[in-house]
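As structure tokens, the structure follows; a few thoughts come after it.
Protein chains: 2
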Amino acid sequence: MTTETAAKPVSANRTTSLTDRAYRALEERIVTLDLAPGSVLSEAQLSEQLEIGRTPIREALQRLAREGLIVILPRKGILVSDINPSKQLLVLEVRREIERMMARAGAERRSDNERQAFLEIAEGMENAARDNDDIAFLRFDNDFNVLLARASHNEYAVGAINLLNGLSRRFWYLHYKKAADMPLMARLHASVAKAIAEGDADAAANASDALVDYVETFTRATVGGA
Amino acid sequence: MTTETAAKPVSANRTTSLTDRAYRALEERIVTLDLAPGSVLSEAQLSEQLEIGRTPIREALQRLAREGLIVILPRKGILVSDINPSKQLLVLEVRREIERMMARAGAERRSDNERQAFLEIAEGMENAARDNDDIAFLRFDNDFNVLLARASHNEYAVGAINLLNGLSRRFWYLHYKKAADMPLMARLHASVAKAIAEGDADAAANASDALVDYVETFTRATVGGA
DNA sequence: AACCTGATTTTGGTATACAATTATCAGAGG
DNA sequence: CCTCTGATAATTGTATACCAAAATCAGGTT
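Set out below in structure tokens:
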């Protein structure tokens, strides 16, 4: 019963498949622009680089293609998709709906533990805004996304939002340094977290909309600036 | 003109990959309950049945798993997921948001051709309601979904809704004969199509909500009835 | 310049083999 | 009878070699 594998000494994980590892490695490299938009990839090349067979590579690539991070041109090649602000607005159009729904669901369905975690994130976000602490903000932002996914108690909403996360994260990674008002974003996040903690679904929905409003304004600004 | 396999039309297969064909075949069999919930599948068995190698079968299965139609138990097997009304309500919770958004977007962005097509579907739906014509309703329902996906001009919304279509269609296939009020559903569809054709985004959103309201009521009824 | 032509590269797909894990089942022992 | 044990089978995960189809490109020919 108590198969307590206390130590995993050798290689880190037998628990994750090579497909998952390939997916995560490639997603990270694309989102952080290490693999720039327009880059040409090939299964054989990636298989050699990552020291993983073609089968897991293929499966990881198909998932990335579904998420819009790469484009597979049959019998021609694979290329990293370009960053398109107008498409980014379409992504936001969908994110707005799902995030509002998740905020509502979180406010109505969060557990006691989750309520406490939202409060801590709200506090952390307000501190990050006050101290202008980028690192803290990024950490709490990630925590917030994970927590909201869990607290919504809707696996299908999580699946839908995960489909969009890659493109969103990449756009953010490219542009946030330029013109993003981090303290404002942190405060907007704090509002959502607080409303969810308080169980006020309407307030959570409005706060979520306000957050997406700002992100959309920011995104539109990059279109005009281009 | 080379190898004449009498039973198989070899015609249109040049354009679709075997992965797609396997996906479509399996999705159809699962949605129509030909592969019943709880059925145990295996890659080797499917590969033999469909006369397709394991690679395309695997890729199709991973897509089906993402959509929640099957569950892959690593190194154990694959089984067709069960039909769970409470999960179905979670699916609807997400569908409601995306469909409303697509209805809005369709009203604002439909082309002239699409506007005309929506009008034809609205008329067809009203006729189907009047004549109590199930077949016509199913046909127009499919046309409507395809058209709305196109007219929304948002590929990411389409991707998100496609994730949910399998589970929705299966639930519908199982239950619609029992208690669904087809004429009412047809009229609700007609309202959405009409509002989109008229370019009235708010009316389209309200009509979409009304449609999902009915589907949700119907779904809840199956929970109580079970 | 325009047009073949063949080599090369790429993904799509098949077949096979092996590894890791789990289920199954026969049989021994109580 | 029941329970434990160990061998065996079954299943997915992964690697690899190979072929097919299609796109690309570099020459060569006209």
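Quick mapping for you: the protein sequence lines, in order, are chains A and B. Using this note's numbering, you'd call the opening residue of the first sequence number 1 and step up by one each time. Using this note's numbering, you'd call the opening residue of the second sequence number 1001 and step up by one each time. Cβ coordinates follow ideal geometry from the N, Cα and C atoms, glycine included.
- Buried is the label assigned to residue 208/A, since at least 16 other Cβ atoms lie within 10 Å of its Cβ.
- Between residue 176/A and residue 32/A, the CB-CB gap reaches or exceeds 7 Å.
- For residue 77/A, there is no enclosing alpha helix (DSSP H); the residue is found in the beta strand (DSSP E) stretching over 77 to 80.
- Residue 1060/B sits away from residue 1114/B, with the two beta carbons spaced by 7 Å or more.
- Counting the other CB atoms within 10 Å of its CB gives residue 1042/B a total below 16, which places it among the exposed residues.
- Following the DSSP letters along the chain, one finds residue 72/A inside the beta strand (DSSP E) bounded by residues 70 to 73.
- Here the C-alpha atom of residue 57/A lies approximately 23 Å from the C-alpha atom of residue 1068/B.
- Between the segment 1102 to 1118 of chain B and the segment 1195 to 1202 of chain B there are three or more inter-stretch CB-CB distances shorter than 8 Å, so the stretches are counted as touching.
- Taking 7 Å as the cut-off, the Cβ atoms of residue 1136/B and residue 1129/B do not count as close.
- Any Cβ of chain A closer than 7 Å to the Cβ of residue 1106/B would place that residue at the interface, and such an atom is absent.
- Only residues of its own chain outside the window of five on either side were considered, and among them 1050, 1052, 1056, 1057 and 1060 have a CB closer than 7 Å to the CB of residue 1022/B, listed in chain order.
- Residue 94/A is not a Cβ neighbour of residue 1186/B, given a cutoff of 7 Å.
- Of all residues in the segment 1077 to 1093 of chain B, only 1090, 1091 and 1093 come within less than 7 Å of chain A when Cβ atoms are compared, listed by chain position.
- Look at residue 1163/B here: in three-state DSSP terms it is helix.
- Distances from the alpha-carbon of residue 1192/B to those of 1119/B, 1083/B, 1156/B and 1217/B put 1119/B closest.
- Residue 24/A counts as exposed, since fewer than 16 other C-beta atoms from the protein chains shown sit within 10 angstroms of its C-beta.
- In the same chain as residue 205/A, and ignoring 5 residues on each side of it, the C-beta atoms closer than 6 Å to its own belong to 100, 103 and 104, in chain order.
- Interface residue (Cβ-Cβ distance to chain B less than 7 Å): residue 101/A is classified as such.
- Taking C-beta atoms as the reference points, residue 219/A and residue 88/A count as a pair closer than 7 Å.
- Look at residue 35/A here: in three-state DSSP terms it is coil, with no helix or strand label.
- For residue 64/A, the number of other beta carbons within 10 angstroms of its own is at least 16, and it is reported as buried.
- For residue 37/A and residue 30/A, the gap between their C-alpha atoms comes out near 8 Å.
- By alpha-carbon distance to residue 1181/B, the top candidate from 1148/B, 1048/B, 1221/B and 1194/B is 1221/B.
- Judged by DSSP secondary structure, residue 1106/B falls within the alpha helix (DSSP H) whose first and last residues are 1085 to 1109.
- The closest CA to that of residue 1213/B, considering only 1048/B, 1092/B, 1165/B and 1071/B, is found on 1092/B.
- If you draw a straight line from the Cα of residue 134/A to the Cα of residue 126/A, it comes to about 12 Å.
- Listed as beta-bridge partners of residue 1040/B by DSSP are 1079/B.
- The three-state reading of DSSP puts residue 1180/B in coil, since its state is none of H, G, I, E or B.
- Residues of the segment 154 to 166 of chain A with a C-beta less than 9 Å from any C-beta of chain B: 154, 155, 156, 157, 159, 160, 161, 163 and 164, listed in chain order.
- Around the beta carbon of residue 1170/B, 16 or more other beta carbons lie within 10 angstroms, which makes this residue buried.
- Here residue 46/A has 57 as same chain residues with Cβ atoms under 6 Å from its own Cβ, once five neighbours each way along the sequence are excluded.
- The C-alpha of residue 1117/B is placed about 33 Å away from the C-alpha of residue 74/A.
- The beta carbon of residue 1097/B sits closer than 7 Å to some beta carbon of chain A.
- Of the candidates 1097/B, 1080/B and 1140/B, the residue whose Cα lies closest to the Cα of residue 1158/B is 1097/B.
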